[in-house]
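A.B. asks: I have a structure here, written as structure tokens, and I will follow up with some questions on it.
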Amino acid sequence: IEACGIVAPNPINDAYAHTALSFIYQYLPKTIKKPCYKDGSVAIVNAAACADTAFSNAPQGIVHTLAQAIALDTNLQPGIVMGILLRYSLAAKLHAKGGIRPELLLALAGIDTYAKTPEKDRQKAAYDYLTKCIDATGNYVPSKLKGLHIPHYKLKDYARLAAAKNKQHKENEYMALLEKSFEGK
367 IEACGIVAPN
377 PINDAYAHTA
387 LSFIYQYLPK
397 TIKKPCYKDG
407 SVAIVNAAAC
417 ADTAFSNAPQ
427 GIVHTLAQAI
437 ALDTNLQPGI
447 VMGILLRYSL
457 AAKLHAKGGI
467 RPELLLALAG
477 IDTYAKTPEK
487 DRQKAAYDYL
497 TKCIDATGNY
507 VPSKLKGLHI
517 PHYKLKDYAR
527 LAAAKNKQHK
537 ENEYMALLEK
547 SFEGK
């Protein structure tokens with residue numbers, strides 16, 4: 367999702383990211399409920415391969431940078447931390463000037479839904495689809511950083527570390543995302 371959020375879109379990267387998102391949205395909820403669902407398992411593996419390609423060719427975003435900073439200190443899997451941070455990052459982007467790229471709706475919901483959705487509503491619809499998919503993992507992954515037993519006093523250290531590693535964002539931006547993600551606000 368971060369690979370789709372860069373300012374200058376890359377059509378090849380977008381193709382991989384959109385394919386991954388489509389597979390994830392379509393199969394993740396079913397496969398979590400029934401892990402032996404063969405089609406779902408194959409689709410999730412394919413999604414992982416596509417996502418890895420897109421992720422490897424995209425600049426590091428705020429979610430990835432923070433997840434790495436937290437993982438270095440806690441030995442948590444960065445992917446789990448990214449999954450938690452993502453919801454709050456998307457919410458902030460939705461209300462920011464640039465917003466969420468409306469093409470995400472195309473990847474998640476398909477051409478029919480994309481075409482039927484008024485252009486002004488596509489960002490919000492994409493956000494709703496993404497949060498629905500994230501919610502499907504709620505029984506398996508905490509929805510806030512607090513659920514990972516990360517102490518609140520460490521957040522400032524993580525923001526400082528992330529800001530030193532990736533100067534694309536300021537320390538206060540990293541801190542704002544951490545605060546929202548910690549309590550789930």
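Per our numbering, residue 367 is the first one in the sequence shown, and the count goes up by one each step. By construction, the Cβ of each residue, glycine as well, lies at the ideal position given by its N, Cα and C atoms. On a predicted model such as this, the values are computed, not experimentally measured, just so you know.
(1) Secondary structure at N423, three-state DSSP: helix, strand or coil?
(2) Within its chain, find whatever has a CB closer than 8 Å to the CB of C416; leave out the 5 residues flanking it on each side and keep chain order.
(3) Could you compute how far the alpha carbon of N505 sits from the alpha carbon of P517?
(4) Do L470 and A437 count as a contact pair if the criterion is CB distance below 8 Å?
(5) Would you call the region 451-460 and the region 494-509 in contact, with 3 or more CB pairs under 8 Å?
(6) Is it a yes or a no for the region 475-490 touching the region 519-527, going by three-plus beta-carbon pairs under 8 Å?
(7) Hey, how far is the Cα of T431 from the Cα of T397?
(8) Identify the continuous alpha helix (DSSP H) that holds Q443 and give its terminal residues.
(9) What's the C-alpha gap between L460 and A529?
(10) Count the other CB atoms, across all protein chains shown, that sit within 10 Å of the CB of I477; report buried if there are 16 or more and exposed otherwise.
(11) In terms of alpha-carbon separation, which member of G464, E549, L521 and Y403 lies closest to A433?
C.D. replies: If we stick to the structure as given:
(1) coil
(2) Y382, A383, T385, A386 and F389
(3) 22 Å
(4) no
(5) yes
(6) no
(7) 29 Å
(8) Looking at the DSSP string, Q443 is not in any alpha helix (DSSP H), and its letter there is neither H nor E.
(9) 22 Å
(10) exposed
(11) L521
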